[in-house]
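Here's the structure, in structure tokens; my notes come after.
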Amino acid sequence: MDSLRIIRIPIFPFDMVNAYLVVTRKGCILVDTGLPGSEVKVTKTLEKHGLTLKELKLVVVTHAHIDHAGSAARLRELSGTPIIGHEGDIQYYVGEKKMTYCSTGWAGSLFLKTPVPHEPYTAFKPDILLSDGAAFDLDRYGIAGRIKRSPGHTAGSISLELGSKDALVGDLVASGILIGGIIRKGRAIRSPFEDDPQAVASEPKRLLDAGFERFHIGHGGPLDAEAVRRHVRRLMVVKRGAPSVN
Ligand SMILES: [Zn+2]
Ligand SMILES: [Zn+2]
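For the sequence shown, the positions run 1 to 246 when our numbering is used.
Following this line, the structure appears as structure tokens:
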């Protein structure tokens, strides 16, 4: 396999909202698309690294929240690149259902008072729909790794598990303050929202047990394995429904 680069796309400053490019000489894939209107930031980051939208081979949407799925439809329109998403979030992608949020603490509750999480985004139907238990191999893009379901944050959350020991996990874990980033970006915390706290607690442990060393996340980061391990230990003592341990 080619040498692989993981490039962060700053959707918001201070790493508050991230998307990513995973790049090899065979092309690149985009992981998450930012809020509506983020296609300009995606294009600028591609250009900064000598790439264009034409080089995009796949758009991965880790879950249906607006800060991850918001520009997916527009980016497909501009680039012709297929989108992959999980069937667990399909009703939100196609606009059949309005997103609901289960807050894990004060940051989530505060964010829910702003209009952002309630705004609709342009609906889209993923070209590739991942089902439970299925893995989508990335070898065809010159990338050692696969995409798999990593539930909990939402029912249809997915992660990239790369052979380089990098995991791109969306909002499975968060960091920093408020919705993420700004400061303390290397410290793992719970995401402001979790649909299923039990699943969110067990999934990072599975990834650690599988040997993943770097965790690239939607808000702040990256996190090393030790930071995620400490986070998992804290989660183990939090009872379901208890207040956030952030
Ligand atoms: Zn989210
Ligand atoms: Zn997010």
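By construction, the Cβ of each residue, glycine as well, lies at the ideal position given by its N, Cα and C atoms.
Say yes only if the C-beta of residue i is nearer than 7 angstroms to one or more non-hydrogen atoms of ligand 2, and no if none qualify.
{"i": "residue 219", "result": "yes"}
What did DSSP end up calling residue i once you bin it into helix, strand or coil?
{"i": "residue 13", "result": "helix"}
{"i": "residue 175", "result": "strand"}
{"i": "residue 22", "result": "strand"}
{"i": "residue 75", "result": "helix"}
{"i": "residue 304", "result": "Only positions 1 to 246 of the chain appear in the structure, and residue 304 is not among them; the question remains open."}
{"i": "residue 131", "result": "coil"}
{"i": "residue 227", "result": "helix"}
{"i": "residue 3", "result": "coil"}
{"i": "residue 116", "result": "helix"}
{"i": "residue 237", "result": "coil"}
{"i": "residue 206", "result": "helix"}
{"i": "residue 68", "result": "helix"}
Using only CA atoms, which one of the options lies nearest to residue i?
{"i": "residue 173", "options": "197, 123, 188 and 49", "result": "188"}
{"i": "residue 69", "options": "201, 44, 38 and 148", "result": "38"}
{"i": "residue 177", "options": "111, 139 and 11", "result": "111"}
{"i": "residue 210", "options": "192, 229, 217 and 220", "result": "229"}
{"i": "residue 106", "options": "131, 89, 190 and 63", "result": "190"}
{"i": "residue 135", "options": "78, 208 and 159", "result": "159"}
- [ ] Specify which residues have a beta carbon nearer than 7 angstroms to any heavy atom of ligand 1, listing them in chain order.
- [x] Listed by position along the chain, the residues with Cβ atoms less than 7 angstroms from a non-hydrogen atom of ligand 1 are 63, 65, 67, 68, 153, 154, 170, 171, 191, 193 and 218.
- [ ] Decide if the region 150-170 is in contact with the region 193-204; the criterion is three or more beta carbon pairs, one per stretch, under 8 angstroms apart.
- [x] Flag = yes, the region 150-170 and the region 193-204 touch.
TODO: Determine, using beta-carbon pairs with one atom in the region 82-100 and one in the region 119-139, whether at least three such pairs fall under 8 angstroms.
DONE: Judged by Cβ distances under 8 angstroms, the region 82-100 makes contact with the region 119-139, as three or more pairs qualify.
TODO: Inspect the CB distances between the region 81-89 and the region 51-62 and report whether three or more fall short of 8 angstroms.
DONE: With a cut-off of 8 angstroms, the region 51-62 and the region 81-89 count as touching, because enough Cβ pairs lie within range.
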